[in-house]
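Colleague: Can you read through this structure? Questions will come right after.
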Amino acid sequence: MRKISIILFLIFLSLCACKEEKKETKEIIPTATKDKIQSSSSDILGGFFGEYEYKNTDNPNESLLLVLNKVDTKSISDFEGYSWEEKNEKGEVVEKTLTGLFYGNTDLFDEVREGYTPGFFVANIQVEPFGENSLKVNIKADSSDILENPVQPPIKSTKEALEKGNKKWEIKEINSNRELIFKIKNSKELILKSDLDLAEKTFKKIK
């Protein structure tokens, strides 16, 4: 009888151990989290900063300007996008991303323009790699940001342009939120590819 009791006790202990092992296994299963910041090679983004200009020789007012700046991701509220690591002047490792401004006109968004002049704008942009040899520039603008006259540096916003005497464009139907794809020719030349069957535009670094 004593042997039977011992055997039953050992079986009970074995069952308890199995349950505990299953419980511990369940507790260590990792859960996936979505990272808002996606790492990128500094060779792709970090080498492009400064001002890149497309000159429209037929109509200088319709020239385009791309201004690229490297900034600390901590300076951008709720940052989501592509970044890379660099050491600052103090030797600290910091996260950098590529942002800037785009000075453009509505011909970039309008396949056929007839009977009216284009609208102009300056818009904030965020840049990320696109494939192995291109940059994608995300333009953040609203139809209310389109103005009658060209916008040029040092003006950096629609509000500032209006304060300087510019006026809002009368046509409101064009969607100015856009993704522009620039093919990298070299560190001083970017080629804007059109998705509207328009001619490619070469932007050359001027600063």
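Numbering (mature numbering (1 follows the signal peptide of the UniProt record, and there is no 0)) for the sequence shown: -19 to -1, 1 to 188. Think of the CB as a built atom: it goes at the ideal place given N, C-alpha and C, for glycine as much as any other residue. Note that the structure is a prediction, hence the values are computed from the model and not measured.
1. Given a cut-off of 7 Å on the beta-carbon distance, is the pair residue 202 and Leu45 in contact?
2. Per DSSP, what kind of secondary structure is Thr38 in: helix, strand or coil?
3. Using DSSP with H/G/I as helix, E/B as strand and the rest coil, what is Asp53?
4. Work out the CA separation of Leu47 and Asn167 for me, nearest whole Å.
5. In this structure, how does DSSP classify Lys145 when only helix, strand and coil are distinguished?
6. Over what stretch of residues does the beta strand (DSSP E) that includes Ile120 continue unbroken?
7. Are there 16 or more other CB atoms within 10 angstroms of the CB of Lys145, so buried, or fewer, so exposed?
8. Where does Ser125 fall in DSSP's three states?
9. Got a sec? Which residues, its chain only, sit under 8 Å from Lys3 by beta carbon, not counting five neighbours each side?
10. So Lys164 and Lys174 are in contact, right, with Cβ under 8 Å, and what is the actual spacing, rounded?
11. From Lys117 to Thr183, what does the alpha carbon distance come to, in whole angstroms?
Modeller: Checking against the coordinates, here is how it stands:
1. This structure does not reach residue 202, given that the chain is present from -19 up to 188, and the question cannot be answered.
2. Counting from one through the sequence shown, the residue named residue 38 turns up at place 57. Coil at Thr38, not helix or strand.
3. Translated into the one-based positions of the sequence shown, residue 53 becomes position 72. Asp53 falls in the strand class under three-state DSSP.
4. Here residue 167 corresponds to residue number 186 of the sequence shown, with the count starting at 1. Here residue 47 corresponds to residue number 66 of the sequence shown, with the count starting at 1. Asn167 and Leu47: Cα-Cα distance of roughly 15 Å.
5. Counted from its first residue, the sequence shown places residue 145 at position 164. Coil, per DSSP.
6. Reading the sequence shown from its first residue, position 139 is the one you call residue 120. Segment Ser115 to Lys121, the beta strand (DSSP E) holding Ile120.
7. By 1-based counting over the sequence shown, the position of residue 145 is 164. Label assigned to Lys145: exposed.
8. Taking the sequence shown and counting its residues from 1, one reaches residue 125 at position 144. Three-state DSSP puts Ser125 in a helix.
9. Against the sequence shown, residue 3 aligns to sequence position 22. Confidence at Lys3 is low in this model, with a pLDDT of 42, below 50, so the placement of that residue should be treated as unreliable; the coordinate-derived value is given next. Cβ neighbours of Lys3 beyond the five flanking positions: none.
10. As a first step, residue 164 is located in the sequence shown; it is residue number 183 there, counting from the start. As a first step, residue 174 is located in the sequence shown; it is residue number 193 there, counting from the start. That pair is a contact at about 6 Å.
11. Taking the sequence shown and counting its residues from 1, one reaches residue 117 at position 136. Taking the sequence shown and counting its residues from 1, one reaches residue 183 at position 202. Cα to Cα, Lys117 sits roughly 15 Å from Thr183.
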